[in-house]
Each structure stands twice: as structure tokens, then as C-alpha cells.
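Here the sequence shown is numbered in this note's numbering, starting from 8 and rising by one per residue.
All residues carry an ideal CB built from backbone N, CA and C; glycine is no exception.
Below: the structure, in C-alpha cells.
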Amino acid sequence: MLGIIPNWDLDNKKGKVTKEKQIFDHLVKNIGNAGLQSQVNGEDEVKTKKKKKKSKSFFQKIFSGERSNRSFADRFVIKVDSPLYQFWKIFVVFICIISSYIYAYIAAFGKDKQIEYIVLFFEIIFAMDIIVQFLLEFKPEDQYNKVRDITEIAKRYIKSRFLVDAIAMIPFHQFFKDPSDHVKLFFMIKIIRI
């Protein structure tokens, strides 16, 4: 604020308060705080005005009949840089690593009732991830703008990773009720998700 703040302890070794220190404290307390307080109040007023504009919830906007420049399908497209998607991506990678160990365990030792619930949980998460991938915007290498068209997103996902995700979702172990060792090896196919 004033540039250099004097060190009063070095200047005043006897413990007496000098007149300069009193003036300095008075200026900082009254004038400096008043200017900062008015700046803070002004920022708060701007923030409250912005909050008032954003007060409608997602469902109120949909059912109120308000027009938007975005199409209906474009509203469901997920932004790549959204924090929720970043959390989802980390969560799916974590589940993918854990499931690879579980599937390897099942292929080696078989499965029991408790592991069936864990496998069901994994399959639900991976099915949800397939849906997310169909709704996730992308940026082509030769373009600057991100693609938010659902058909283009679906074409890209089907051409890239959908086949691997779909094969890993097929419950081959359910097709054969024989508890032989060959059926357990179908769980190794699910590891290709990694």
C-alpha cells in the first residue's frame, strides 16, 4: 500500500510509541481500510447481481419454456474440461485397475456370491462409461473448435474404442453354466479395457 512499512521495534528500542507510529497506524486503520472496504463491497454487489441472474435451476430452465440458442441434444453433451467429467475419468481408471485384479482372481480361483456383486458393480460403472463416451465432446486434431454434434461424437467413439468396451461388456461366463476352468478364463477378456 505505502511501499515500505517501517520497523518500529528497531527505531524505538525503549518501548515508547512515537508520533510517527501513531499517525501511520491511524492512516492504515481509517483510510486504508475504508478504501479496501469500498472495493470489497463493490465486488460483492457485482457477485450478487451475477448470482441473481443464475438463480434458476436446470429443471426450471427446461420446463419454463425459455428459448436457448443450444439444441436439445447439445444440452446433454458433456464438456471435456468439466470438473465432474475429470472426476468421472479418474474414478473409471481406478475401477478399471481394481477390476483387472478381480477378474484375474476370478479366472484363477473362480467366483463366489460376494464377488458376483462386485462384478455387477463394475459392469454397471463400465456401462455408464459407455454412455458418457457417447455424450463426450471432442476436439479434432485439424480443427480449433470442439465438436458437440451427437452424431459426430457417436461416429468417432464407434470407430475408436467402442468395440473394445462392448466386447468387455459381454457376459461370456453367463452363456456357459458349466463351472469348468475354461469358463473362468472368459473373465480375462474383460481385462482388455485397460
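Residues near residue i in its chain [Cβ-Cβ closer than 7 Å; skip 5 each side]
i: residue 114; result: 191, 192, 194, 195
i: residue 85; result: 92, 139, 142, 143, 144
i: residue 155; result: 81, 84, 144
Check whether residue i and residue j have beta carbons under 9 Å apart
i: residue 87; j: residue 162; result: no
i: residue 136; j: residue 99; result: yes
i: residue 198; j: residue 80; result: no
Alpha-carbon to alpha-carbon, residue j and residue i
i: residue 160; j: residue 173; result: 17 Å
i: residue 182; j: residue 167; result: 27 Å
i: residue 175; j: residue 126; result: 12 Å
i: residue 157; j: residue 180; result: 33 Å
i: residue 120; j: residue 101; result: 23 Å
i: residue 123; j: residue 117; result: 10 Å
i: residue 97; j: residue 178; result: 25 Å
i: residue 95; j: residue 28; result: 56 Å
For residue i, the three-state DSSP class (helix, strand or coil)
i: residue 132; result: helix
i: residue 170; result: helix
i: residue 183; result: coil
i: residue 177; result: coil
i: residue 195; result: helix
i: residue 190; result: helix
i: residue 143; result: strand
8 Å CB neighbourhood of residue i in its chain, flanking five on each side removed
i: residue 200; result: 103, 106, 107, 133, 171, 172, 175
i: residue 146; result: 87, 152, 153, 154
i: residue 165; result: none
Do the region 127-137 and the region 99-107 meet, that is, are 3 or more Cβ pairs less than 8 Å apart?
-> yes
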